[in-house]
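Protein chains in written order, with full-length UniProt numbering: chain A, 1 to 219; chain B, 1 to 219; chain C, 1 to 219; chain D, 1 to 219.
C-beta: ideal position from N, C-alpha, C; glycine also.
Please read these numbers as outputs of a predicted model, since none were measured by experiment.
Some notes on the structure that comes next.
Protein chains: 4
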Amino acid sequence: MFEKRYKEAFERATDERKEKILEVGIKEFASKGYEKANINIIAKKAGISIGLMYKYFSTKEDLFITCIQRGMSILDDAIDEILQSDDKLIVKAEKLIRTTCQLSQRDANYVKLYNEITSERDSEKAMEFAKAIEGETSKKYVKCITDALAKGDVRQDMDPRLFAFFLDNLLTSLQFSFTCDYYRNRLEIYTGVNVAELSEDQIVRQLLKFIESAFTFEK
Amino acid sequence: MFEKRYKEAFERATDERKEKILEVGIKEFASKGYEKANINIIAKKAGISIGLMYKYFSTKEDLFITCIQRGMSILDDAIDEILQSDDKLIVKAEKLIRTTCQLSQRDANYVKLYNEITSERDSEKAMEFAKAIEGETSKKYVKCITDALAKGDVRQDMDPRLFAFFLDNLLTSLQFSFTCDYYRNRLEIYTGVNVAELSEDQIVRQLLKFIESAFTFEK
Amino acid sequence: MFEKRYKEAFERATDERKEKILEVGIKEFASKGYEKANINIIAKKAGISIGLMYKYFSTKEDLFITCIQRGMSILDDAIDEILQSDDKLIVKAEKLIRTTCQLSQRDANYVKLYNEITSERDSEKAMEFAKAIEGETSKKYVKCITDALAKGDVRQDMDPRLFAFFLDNLLTSLQFSFTCDYYRNRLEIYTGVNVAELSEDQIVRQLLKFIESAFTFEK
Amino acid sequence: MFEKRYKEAFERATDERKEKILEVGIKEFASKGYEKANINIIAKKAGISIGLMYKYFSTKEDLFITCIQRGMSILDDAIDEILQSDDKLIVKAEKLIRTTCQLSQRDANYVKLYNEITSERDSEKAMEFAKAIEGETSKKYVKCITDALAKGDVRQDMDPRLFAFFLDNLLTSLQFSFTCDYYRNRLEIYTGVNVAELSEDQIVRQLLKFIESAFTFEK
DNA sequence: GATGAATGAGGTTTCATTCAT
DNA sequence: GATGAATGAAACCTCATTCAT
Numbered sequence: 001m002f003e004k005r006y007k008e009a010f011e012r013a014t015d016e017r018k019e020k021i022l023e024v025g026i027k028e029f030a031s032k033g034y035e036k037a038n039i040n041i042i043a044k045k046a047g048i049s050i051g052l053m054y055k056y057f058s059t060k061e062d063l064f065i066t067c068i069q070r071g072m073s074i075l076d077d078a079i080d081e082i083l084q085s086d087d088k089l090i091v092k093a094e095k096l097i098r099t100t101c102q103l104s105q106r107d108a109n110y111v112k113l114y115n116e117i118t119s120e121r122d123s124e125k126a127m128e129f130a131k132a133i134e135g136e137t138s139k140k141y142v143k144c145i146t147d148a149l150a151k152g153d154v155r156q157d158m159d160p161r162l163f164a165f166f167l168d169n170l171l172t173s174l175q176f177s178f179t180c181d182y183y184r185n186r187l188e189i190y191t192g193v194n195v196a197e198l199s200e201d202q203i204v205r206q207l208l209k210f211i212e213s214a215f216t217f218e219k
Numbered sequence: 001m002f003e004k005r006y007k008e009a010f011e012r013a014t015d016e017r018k019e020k021i022l023e024v025g026i027k028e029f030a031s032k033g034y035e036k037a038n039i040n041i042i043a044k045k046a047g048i049s050i051g052l053m054y055k056y057f058s059t060k061e062d063l064f065i066t067c068i069q070r071g072m073s074i075l076d077d078a079i080d081e082i083l084q085s086d087d088k089l090i091v092k093a094e095k096l097i098r099t100t101c102q103l104s105q106r107d108a109n110y111v112k113l114y115n116e117i118t119s120e121r122d123s124e125k126a127m128e129f130a131k132a133i134e135g136e137t138s139k140k141y142v143k144c145i146t147d148a149l150a151k152g153d154v155r156q157d158m159d160p161r162l163f164a165f166f167l168d169n170l171l172t173s174l175q176f177s178f179t180c181d182y183y184r185n186r187l188e189i190y191t192g193v194n195v196a197e198l199s200e201d202q203i204v205r206q207l208l209k210f211i212e213s214a215f216t217f218e219k
Numbered sequence: 001m002f003e004k005r006y007k008e009a010f011e012r013a014t015d016e017r018k019e020k021i022l023e024v025g026i027k028e029f030a031s032k033g034y035e036k037a038n039i040n041i042i043a044k045k046a047g048i049s050i051g052l053m054y055k056y057f058s059t060k061e062d063l064f065i066t067c068i069q070r071g072m073s074i075l076d077d078a079i080d081e082i083l084q085s086d087d088k089l090i091v092k093a094e095k096l097i098r099t100t101c102q103l104s105q106r107d108a109n110y111v112k113l114y115n116e117i118t119s120e121r122d123s124e125k126a127m128e129f130a131k132a133i134e135g136e137t138s139k140k141y142v143k144c145i146t147d148a149l150a151k152g153d154v155r156q157d158m159d160p161r162l163f164a165f166f167l168d169n170l171l172t173s174l175q176f177s178f179t180c181d182y183y184r185n186r187l188e189i190y191t192g193v194n195v196a197e198l199s200e201d202q203i204v205r206q207l208l209k210f211i212e213s214a215f216t217f218e219k
Numbered sequence: 001m002f003e004k005r006y007k008e009a010f011e012r013a014t015d016e017r018k019e020k021i022l023e024v025g026i027k028e029f030a031s032k033g034y035e036k037a038n039i040n041i042i043a044k045k046a047g048i049s050i051g052l053m054y055k056y057f058s059t060k061e062d063l064f065i066t067c068i069q070r071g072m073s074i075l076d077d078a079i080d081e082i083l084q085s086d087d088k089l090i091v092k093a094e095k096l097i098r099t100t101c102q103l104s105q106r107d108a109n110y111v112k113l114y115n116e117i118t119s120e121r122d123s124e125k126a127m128e129f130a131k132a133i134e135g136e137t138s139k140k141y142v143k144c145i146t147d148a149l150a151k152g153d154v155r156q157d158m159d160p161r162l163f164a165f166f167l168d169n170l171l172t173s174l175q176f177s178f179t180c181d182y183y184r185n186r187l188e189i190y191t192g193v194n195v196a197e198l199s200e201d202q203i204v205r206q207l208l209k210f211i212e213s214a215f216t217f218e219k
């Protein structure tokens with residue numbers, strides 16, 4: 001997805017070390033955001049010297065992007081598996097929703113990282129990020145829907161690319177709503193329920209209902 | 001929505017100056033983000049000294065929040081007008097979608113500011129922001145849907161709060177997709193079309209279709 | 001004592017206003033110290049504009065010194081009255097000690113101001129302050145003791161100037177110990193008693209004993 | 001006395017550098033006072049970058065307190081040695097006075113630092129300072145006098161804690177009078193003699209006389 | 001006489017990055 | 001390969017003082 005942003009020295013490091021650096025980096029970037037995260041602290045927490053960190057990554061940004069790569073590829077893998085199954089679209093949709101909920105808990109930091117990218121303001125970088133992160137996945141989403149359309153499983157009057165886009169918007173919003181502070185509070189405000197007591201299952205069922213009819217209804 | 005975050009001196013400034021400061025501030029925060037925006041530069045661009053800036057706002061954060069207030073209240077006004085009309089839900093939905101598109105162009109910086117808030121990581125502030133920004137609007141969204149439900153205009157098996165939430169998610173995603181760099185690129189990737197050539201009308205019609213059936217279909 | 005440091009305009013102000021300005025100034029300088037006191041805030045609290053403040057005083061320092069003048073002259077008056085009485089030295093000493101205790105409560109801020117001056121580091125100003133503040137008083141102290149010496153009321157082997165100096169040191173230390181935070185804590189540490197429960201009378205009696213024998217003993 | 005206020009990096013610095021930083025710091029704080037002392041200048045004079053200064057000390061205050069620690073511990077050591085000897089109280093008193101004079105010359109800056117603390121206005125910090133600086137020493141003073149009392153070397157009608165306090169007041173005042181500008185001028189005013197020509201020996205002898213009779217006389 | 005808006009130099013603190021060892 | 005001491009630009013914020021009205 002991204003071209004590599006780490007130096008050769010990083011490849012030569014032990015897996016354990018690579019793992020540790022990315023784990024710590026993801027945690028820091030996720031909890032503080034890019035600007036406020038401190039690369040010196042990341043190095044210390046990862047148990048390496050700042051000098052070595054710069055042997056591994058040329059800049060703070062390169063470390064960040066390498067963290068993103070790791071985080072995004074894990075999120076994508078889970079999604080890809082569902083998209084490439086033979087299930088009907090509606091079944092896939094349900095799986096996607098449920099997986100989204102699970103990932104939001106298990107991989108909360110990855111989701112937060114994704115949210116961070118989402119407000120990138122340098123348009124060059126924004127494009128680079130979007131291509132790297134959304135490129136493959138979007139194709140799969142579109143393909144699923146195109147296939148369903150061909151099979152007659154869904155309404156025929158839709159633009160599959162846009163419907164894929166709307167579907168992804170709903171799933172992404174849901175993901176953020178389970179993970180990122182602002183979005184979480186927003187969800188609480190809409191439901192009127194404290195997030196701790198929130199019935200995840202109720203949300204899943206309603207969203208599935210919403211999506212199902214959007215995709216199948218035809219006047 | 002927010003309690004005021006400017007000092008009395010700011011109230012006494014000329015309207016022209018108040019306008020200028022907020023305009024410049026919004027532009028800077030929208031284009032660089034909170035962390036990277038520089039108060040000294042904002043002051044200079046607004047044509048006042050840094051000292052005076054601090055006579056108007058106690059901290060960078062206060063200036064930021066005052067900018068937010070301005071931006072959000074303008075966005076909200078447009079939305080509120082639609083939500084409080086007597087139109088049927090579907091008509092409202094169409095108006096909301098169209099207005100969203102327009103605002104995204106006219107008030108792009110406000111939308112970017114909103115996007116900035118959306119990745120707030122301090123959970124106290126996130127809550128404060130969410131309450132201030134989403135509080136009133138969410139109520140109106142929910143009311144619209146509850147009313148439509150009572151009138152039998154929409155499917156009866158929905159949870160109105162959650163459906164309102166999904167609807168807002170779709171609209172917010174759309175808004176970002178027209179304004180924020182990352183989201184814009186993502187939209188291009190999904191549609192395969194350069195944003196300049198993108199048929200806004202096609203998007204509007206498809207989204208309306210998506211929403212309409214989600215809201216009215218019932219097995 | 002000091003030459004005047006206020007401008008003519010200040011003389012023309014109403015007594016009430018003069019009073020208010022000095023009162024507020026003394027309070028601010030006493031509680032925050034010279035550097036941290038803010039002349040804009042003093043003006044505001046005194047109910048005048050900062051512009052007018054600068055019509056009254058050329059600089060922050062001039063305001064400060066005028067506050068000092070006011071504070072010191074009040075403290076001095078109380079002391080002078082005692083020193084110029086016809087009492088025997090020991091009686092005067094007792095009165096001085098008791099008055100010191102009273103002033104420390106009634107005029108705590110003046111004492112704090114005096115303490116502030118005491119750490120002046122510009123040697124020119126230190127000299128100016130010392131001359132203005134200690135000049136007259138020291139003469140009276142010395143005279144008292146010289147007189148007592150002449151009358152044979154006290155030991156004949158003393159240097160009256162130095163004994164006056166030691167006496168003043170004890171009284172000044174006591175004054176600070178009742179008023180200034182650091183000195184107050186130091187007193188608590190020595191006595192092992194919380195300042196609120198501290199028997200002022202016990203201190204007075206012991207100090208008088210200390211001084212009395214220092215002045216009258218002769219081998 | 002104080003808990004350490006420097007970071008670990010400071011411990012790792014060479015002794016020469018540590019020495020230099022504290023020396024320069026003490027000089028600056030002593031000559032300008034806490035508020036007016038400038039960390040950037042201290043760093044420059046110490047031959048290190050401001051960034052490194054902040055690797056050594058978290059804040060200006062921490063640097064200041066570390067300077068205090070250094071200064072106070074040196075002053076204390078000299079005093080402690082005398083207080084813990086087997087000499088009679090009067091002998092100790094003489095040694096204390098003479099040492100006070102010497103320290104005032106050799107360690108003038110430490111004394112100035114002490115004077116600076118003495119006007120601390122934040123009552124929390126004042127307490128912390130007082131405990132750290134006066135805590136141990138005061139105990140030793142009191143113990144000396146209690147012992148002398150038990151041996152019958154001094155008058156029996158005294159409160160040992162208060163007499164210790166008065167003694168310390170006299171010594172502290174003397175110390176300031178030899179070092180701090182204001183107090184020095186005050187001494188000149190009392191004696192009528194220029195400080196350069198002032199007979200230190202005369203002062204010592206008179207003060208010893210003063211103290212001796214205060215402690216031994218009994219009606 | 002009186003106002004208070006306006007200035008801007010200057011101080012503290014942060015942190016990405018370098019480089020000698 | 002690995003260290004971590006060292007740098008210094010740059011950001012936020014304060015406040016004594018000025019001056020037009």
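Within 10 angstroms of the Cβ of residue i, are there 16 or more other Cβ atoms? Answer buried if so, exposed if not.
i, result
"residue 306/D", "This structure leaves residue 306/D out entirely; chain D is present only between 1 and 219."
"Gln175/B", "buried"
"Gly209/D", "Checking the sequence, you will find Lys at residue 209/D rather than Gly. Buried: at least 16 other Cβ atoms inside 10 Å."
"Arg186/A", "buried"
"Glu28/D", "buried"
"Ile65/D", "buried"
"Asn115/A", "buried"
Are residue i and residue j close, meaning C-beta to C-beta below 9 Å?
i, j, result
"Tyr190/B", "Phe165/A", "yes"
"Ala9/A", "Lys55/A", "yes"
"Arg121/A", "Phe215/A", "no"
"Leu162/A", "Asn169/B", "no"
"Leu22/D", "Arg70/D", "yes"
"Ser177/B", "Lys112/B", "no"
"Cys67/B", "Ile203/B", "no"
"Leu83/A", "Thr172/A", "no"
"Leu198/C", "Ala93/C", "no"
"Glu212/A", "Phe2/B", "no"
"Ser49/B", "Arg5/B", "no"
Grab the span of the alpha helix (DSSP H) containing residue i for me, first residue to last.
i, result
"Gly47/B", "Neither: Gly47/B is in no alpha helix (DSSP H) and is coded neither H nor E."
"Asp1/B", "Before going on, a small fix: residue 1/B reads as Met here, not Asp. No alpha helix (DSSP H) contains Met1/B, which DSSP labels as neither H nor E."
"Val142/A", "123 to 151"
"Phe178/B", "160 to 179"
"Arg205/B", "200 to 216"
"Arg106/C", "89 to 106"
"Glu120/A", "Where Glu120/A is concerned, there is no enclosing alpha helix (DSSP H), given that its DSSP letter is neither H nor E."
"Ala9/B", "8 to 12"
**Asked** Taking contact to mean at least 3 C-beta pairs separated by less than 8 Å, is the stretch 67 to 85 of chain B in contact with the stretch 122 to 137 of chain B?
**Response** At 8 Å Cβ cutoff, the stretches touch.
**Asked** Can at least three beta-carbon pairs, one atom from the stretch 84 to 93 of chain D and one from the stretch 35 to 54 of chain D, be found at a separation below 8 Å?
**Response** No, because fewer than three Cβ pairs between the stretch 84 to 93 of chain D and the stretch 35 to 54 of chain D fall closer than 8 Å, the two stretches do not touch.
**Item:** Every unbroken alpha helix (DSSP H) within the UniProt domain "HTH tetR-type" (15 to 75) of chain A, with a cutoff of 4 residues, ordered by chain
**Value:** If you keep only unbroken alpha helix (DSSP H) runs of at least 4 residues inside the UniProt domain "HTH tetR-type" (15 to 75) of chain A, you get 15 to 36, 39 to 46, 50 to 56.
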